[in-house]
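Student: Chains as they are written, first to last, in our numbering: chain E, 123 to 355; chain V, 303 to 557; chain X, 688 to 1112.
I have a structure I would like to understand better, so I am pasting it below and will then ask my questions one at a time.
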């Protein structure tokens, strides 16, 4: 486990307030957190604890109502939307609970997508995507459409898509929630391997106790606050 | 005294014509007076050369089988100008047709301005009658003696009249002038192309007095259209020689 | 700043269309049929205009250009003598223009009016005096090769007799009123230019239908010689009809001849056939209006179809949009993606529409349908041309409109917060 002195992600006094009509709800009350490069950590807690909201803020797809976020030393809350989007596309990969693959694109094309969005030339994108698919063990399914793949295979494609840009951080929100136990195990093993081999930081939320067994660090949230932050192993 | 001699001269002339005519040796033309003089005399019987003349006309027109409502007009004329005032039918009373030079105007009570009548409109209708009834051929036409020919048994000189200028409506007129009375009894009106357009017959039952002389004056005019079956008859009455003021022919004062 | 390339946008947009095949197809067909309707109607009107042009130039014997003394159009009606071309002018102008290589025919014309009589009754008439040879030259230009061979040429009703200047063509109403038959005699009565009464014998050659109830009992065609004789206007004309070798040269020739004649000292004005043909202008105007109407309707349908289709697509793909935004697609990129999709849809729709139009056009042209248009005595073939200019213009406009119709829905999608989009069910 490599822990570097400068955290890859630094959250300071994060509050996230939502207005629901007249009432306001603080999904996150006051979160301060540091995540270092190469960590394999989980955020867990009961429903409504604010896990997804925290993930969104870490993933830079949401901005806090109060507080600061720095990613790789960059104060992201100061960036305008277009700059933030670029930053995110370059540095963060996403794995979703319901896979979110584009149904009309093949596995390979789905994996090429983040590269194409960044303006990478098609044939270079194709090469890199193909290599990443090999890494997740799906080179045989490169031309298959998502509806032809099993849940586990789809999630692996999603992981490949998240990894193809060589991100600093991968965010996975309940990645095993829609998978059976065998596929869950496969996906967990894959993520672990990718974390070790590529030194990519993984942060995910989960209910799944088996996943929690494999992580290096567990952060427990309740009612929008961190109640515990354990480093295991 | 002079009158008796005058009559005698004519009788002698007729007698010689008769005698010589019997032997076919007479050249009628050699005995004929000058054409233009004849023309001027005949014009007088229809109002030319007089200081002014006033008369009434009863006019009846027929177009095919349709007979139009008869009209009664009061005419005042001097040389080139004439004005015809409608007396009957009563509802048209006050309508006037004015001719000055070769221009024609119509006016009616209620009209704010007189209407000029174009040459085209004189091709038919009352305006064309006005053209025919014009008095002064001597001013508008050059006369050349052509022939002699009797009309209703009356020996006549036949003159060919050609228009002096191009604004005169009828380019040529063939005019029969009675040898004895020196009045025009028949006229044929021709177009530029030489086509016969109208024929007119004249009777001279009226008599007017001027400068001590008694002059025969037209009493009836019958105009027949050569192209369509139409005829107009005009009866002249109440003829008086009278000086007419130029103001009567003033367009501005027409109403 | 990194941006998704145009090529990638295109590829993605194209794939996006297959997301909901049925909807894309329906929208595409709506666009296709709308476009083909416009192309077919434009082609039909193009053909009609061509036919009308020929009818005006050759059939109505307007020729391409009409030359008259300046002022003839307005003041000339009341004072024709003054505004008529003198015989010297007619001769000089004819000589001056003899060597113009694009002029096929120069015909003096003389209009007049008067009374026509059958011996019992008379009625007014309005006539156009023209050389018999010019009638043939003018009218035969309007026949297609097919018609010329069929003998229609022989039948052209308005023929005057070059040997007999007294032979005239009268409109059917006139013939009926005067109870004339072919070969029958009548007399025309008119005033010369100076106002003298004039009359000439005429013989009825042929009768014709003016196509207009108001003029069908007044109009006549007479030989130029007869008109000149009746008006006592030797060598004169009130206008010269000029026939060119190519209708497309009309405007340039007009300017050229106007200049040439003015430079030579003739105070003339030259009008082209469009200025003078009321019928052409009215029909042209009416068809343009109908085209505009159809065009607007089709455009509205296209806008609504595309906006509706894209609106639904965007809503359905909200989660996908959220995902794309998360993995680095900027707001502008989202808009570009969807507007490109709708642009492609419109373009493909128009191309399909064009193909449909071409097939339908081929079918109709082969079918040899004919119909009798208003104001016409005979049937004309129903043909559809290809009006390339209008087709191109419509293509471009529809492309623009189709692209823009997606803009609002796309913008709405791009503006949505990522977390809301991802959370969309």
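Backbone N, C-alpha and C define an ideal beta-carbon position, used for all residues, glycine too.
Just so it is clear, the structure is predicted and the values come from calculations on it, not from any experiment.
Considering residue 275(E), what are the terminal residues of the alpha helix (DSSP H) in which it resides?
Tutor: 273 to 285 is the span of the alpha helix (DSSP H), which, as asked, contains residue 275(E).
Student: Alpha carbon to alpha carbon, what distance is there between residue 964(X) and residue 890(X)?
Tutor: One C-alpha to the other measures close to 30 Å.
Student: Which chain X residues sit within Cβ distance under 8 Å of residue 170(E)?
Tutor: Under the 8 Å cutoff, chain X gives no residues; its nearest Cβ is about 15 Å from residue 170(E).
Student: Take residue 544(V) as the anchor and find which of 458(V), 354(V), 345(V) has the nearest alpha-carbon.
Tutor: Of the listed residues, the one whose Cα sits closest to residue 544(V) is 354(V).
Student: Run through DSSP, which three-state label would residue 548(V) get?
Tutor: Helix.
Student: At a CB-CB cut-off below 9 Å, which residues of chain X make contact with residue 426(V)?
Tutor: Residues of chain X passing the Cβ test: 802, 809, 876.
Student: Quick test of your reading: residue 536(V) and residue 522(V), contact by CB under 8 Å. State the CB separation rounded to the nearest angstrom.
Tutor: So it is a contact: roughly 7 Å between Cβ atoms.
Student: Got a sec: is the Cβ-Cβ distance from residue 221(E) to anything in chain B below 7 Å?
Tutor: In the displayed structure, chain B is absent; the protein chains listed are E, V and X.
Student: Please confirm if residue 238(E) has its CB atom under 7 Å from at least one CB of chain X.
Tutor: Chain X, which has a Cβ nearer than 7 Å to the Cβ of residue 238(E), makes this yes.
Student: Between the segment 526 to 548 of chain V and chain X, which residues of the former have CB atoms less than 7 Å from a CB of the latter, in chain order?
Tutor: Cβ contacts with chain X: 529, 530, 531.
Student: Of the choices 930(X), 819(X), 759(X), whose alpha-carbon is the least far from that of residue 847(X)?
Tutor: For the residues 930(X), 819(X), 759(X), the minimum Cα distance to residue 847(X) belongs to 819(X).
Student: Check whether the Cβ of residue 216(E) lies closer than 7 Å to any Cβ atom in chain X.
Tutor: At least one chain X Cβ lies under 7 Å of residue 216(E).
Student: Taking 7 Å as the threshold (beta carbon to beta carbon), is residue 450(V) in contact with chain X?
Tutor: No, because no Cβ of chain X sits closer than 7 Å to the Cβ of residue 450(V).
Student: Report the option in 726(X), 701(X), 716(X) whose CA atom is closest to the CA atom of residue 1083(X).
Tutor: Closest by alpha carbon: 726(X).
Student: Does the count of Cβ pairs from the segment 341 to 360 of chain V and the segment 371 to 385 of chain V closer than 8 Å reach three?
Tutor: Yes, the segment 341 to 360 of chain V is in contact with the segment 371 to 385 of chain V.
Student: Could you check whether the Cβ of residue 695(X) sits closer than 7 Å to any Cβ belonging to chain E?
Tutor: With 7 Å as the cut-off, residue 695(X) counts as an interface residue toward chain E.
Student: Express the C-alpha separation of residue 346(V) and residue 515(V) in angstroms, rounding to a whole number.
Tutor: Cα to Cα, the separation comes out at about 12 Å.
Student: Note the first and the last residue of the continuous alpha helix (DSSP H) segment covering residue 1096(X).
Tutor: 1094 to 1102 is the span of the alpha helix (DSSP H), which, as asked, contains residue 1096(X).
Student: When DSSP labels each residue in this structure, what does residue 388(V) get in the three-state scheme?
Tutor: The answer is strand: DSSP assigns residue 388(V) an E or B state.
Student: With distances taken between CB atoms, is the gap from residue 658(X) to residue 852(X) smaller than 7 Å?
Tutor: Residue 658(X) cannot be examined here, being either before or after the span of chain X that is shown, 688 to 1112.
Student: Any idea what DSSP makes of residue 693(X), helix, strand or coil?
Tutor: Of the three classes helix, strand and coil, the one that applies to residue 693(X) here is helix, per DSSP.
Student: At a CB distance below 9 Å, what residues from the segment 1095 to 1106 of chain X approach chain E? Give them in sequence order.
Tutor: Cβ contacts with chain E: 1104, 1105, 1106.
Student: Among 133(E), 164(E), 243(E), 220(E), whose alpha-carbon lies nearest the alpha-carbon of residue 198(E)?
Tutor: Of the candidates 133(E), 164(E), 243(E), 220(E), the one whose C-alpha sits nearest the C-alpha of residue 198(E) is 133(E).
Student: Taking the beta strand (DSSP E) that residue 464(V) belongs to, which residues open and close that run?
Tutor: It spans 456 to 465 - the beta strand (DSSP E) in which residue 464(V) sits, taken as one unbroken run.
Student: Give me, in chain order, the residues of the same chain whose beta-carbon lies closer than 8 Å to that of residue 226(E); leave out the 5 immediate sequence neighbours on both sides.
Tutor: Contacts found: 267.
Student: Looking at the C-beta of residue 494(V), does it have a partner C-beta in chain X at a distance below 7 Å?
Tutor: It does: the Cβ of residue 494(V) has a partner Cβ on chain X nearer than 7 Å.
Student: Please name the residue in 442(V), 394(V), 472(V), 367(V) whose C-alpha comes closest to that of residue 381(V).
Tutor: Per the Cα distances, 442(V).
Student: If you compare alpha carbons, which of 780(X), 1007(X), 922(X) is closest to residue 797(X)?
Tutor: Nearest C-alpha to residue 797(X): 922(X).
Student: Mind pulling the chain V residues with CB within less than 9 Å of residue 916(X)?
Tutor: Per Cβ cutoff of 9 Å: 494, 495.
Student: Between the Cα of residue 346(E) and the Cα atoms of 130(E), 160(E), 145(E), 169(E), which residue gives the shortest distance?
Tutor: Checking every option, the nearest Cα to that of residue 346(E) belongs to 169(E).
Student: Would you say the segment 702 to 722 of chain X touches the segment 996 to 1004 of chain X, given that touching needs at least three Cβ pairs under 8 Å?
Tutor: A contact exists between the segment 702 to 722 of chain X and the segment 996 to 1004 of chain X.
Student: What in chain X is Cβ-close to residue 366(V), meaning under 9 Å?
Tutor: Those within 9 Å of residue 366(V) in chain X are 807, 808.
Student: Ignore the nearest five residues each way along the sequence and tell me which others in residue 344(V)'s own chain have a CB closer than 8 Å to its CB.
Tutor: Excluding residues within five positions, the ones whose Cβ falls inside 8 Å are 439, 477, 479, 484, 485, 486.
Student: Give the C-beta separation of residue 752(X) and residue 957(X) to the nearest angstrom, bearing in mind that I take them to be a contact with Cβ-Cβ under 8 Å.
Tutor: That pair is a contact at about 5 Å.
Student: Taking the alpha carbon of residue 870(X) as the point to measure from, which residue in 992(X), 855(X), 881(X), 795(X) has its own alpha carbon closest?
Tutor: For residue 870(X), the nearest C-alpha among the options comes from 855(X).
Student: Below 8 Å on C-beta distance, what does residue 402(V) contact in chain X?
Tutor: None at all; the shortest Cβ gap to chain X is about 15 Å.
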